[in-house]
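Undergrad:
Numbering (the numbering used here), first residue to last: 309 to 548.
#1: Okay, do the stretch 525-533 and the stretch 467-483 touch, 3+ Cβ pairs below 8 Å being the bar?
#2: Of the choices 409, 361 and 338, whose alpha-carbon is the least far from that of residue 458?
#3: Is it true that the stretch 449-468 meets the stretch 414-432, where meeting means three or more beta-carbon pairs spaced less than 8 Å apart?
#4: Is the beta carbon of residue 372 sitting closer than 8 Å to the one on residue 435?
#5: If we ignore side chains and look at the alpha-carbon of each, how far apart do residue 473 and residue 411 end up?
#6: Within 10 angstroms of the Cβ of residue 312, are there 16 or more other Cβ atoms? Answer buried if so, exposed if not.
#7: Pull up the distance between the alpha-carbon of residue 542 and that of residue 314, whole angstroms please.
#8: Starting from residue 347, follow the alpha helix (DSSP H) in both directions and report where the run begins and ends.
#9: Please list the terminal residues of the continuous beta strand (DSSP E) segment that includes residue 406.
#10: Please return the same chain residues whose Cβ sits closer than 7 Å to the Cβ of residue 321, not counting the five positions on each side in sequence.
#11: Please go through the same chain and pick out, in chain order, the residues whose beta-carbon is closer than 7 Å to the beta-carbon of residue 513, but skip the five residues on each side of it.
#12: Taking the continuous alpha helix (DSSP H) assigned at residue 476, which residues delimit it?
#13: At which residues does the beta strand (DSSP E) containing residue 511 begin and terminate?
#14: Which partner residues of residue 527 appear in the DSSP bridge assignment?
#15: Taking the C-alpha atoms as reference points, what is the distance between residue 433 and residue 401?
#16: Using the C-alpha atoms, what's the distance from residue 471 back to residue 544?
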């Protein structure tokens, strides 16, 4: 049965087409976005000026569901979750997933934790820390099926922060702009060094955004060298 899209989300019908969403998704998502807007006034977690822009962030997050082969109940980490994107909308859309929403800024992690509690979301938790440090911990290194990242930064930098967290066969799913095709070609050396290969590139468009958006999917093919990730800040300061 097709998902019934409420009036406030109708403008996103094309971007939502084909996504299998739970019956209660939009009610839960509206509650999350309302709570986020309320705390954002003081914490500045995410940039937006209208409810429509907030919904755009949520629909952008949901495009991850177009990636094939994610499985029924993957273990997922969202690196640099900020205000909870893409992690929270995906947790609401996929109750059987287990999600860890990571941010290095304490106020953002605490805010996302409170948002998850308010929605009684039991399949996701907010973590405080840096990906460079988490990837050195045995309970996190090479244990995730999927690593998400919507943060801005060089593609090679983002790959260095995500690939060490993935098991062999896992996927890094990276939200990028239209220029990512050129970035991907330029990052070929880094990709090989980190033990990954290009798996898929998914193109989509969202209302109000003129430019094409891309999801870059990187499959981890071999274990990442213990040399990576380098110490905090080095992936950005001296990209591979």
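Every residue gets a Cβ at the ideal spot worked out from N, C-alpha and C, and that includes glycine.
TA: According to the structure shown:
#1: yes
#2: 409
#3: no
#4: no
#5: 15 Å
#6: exposed
#7: 45 Å
#8: 333-351
#9: 406-411
#10: 313
#11: 520 and 521
#12: Careful: residue 476 lies outside any alpha helix (DSSP H), inside the beta strand (DSSP E) at 474-485.
#13: 504-512
#14: 479 and 505
#15: 15 Å
#16: 15 Å
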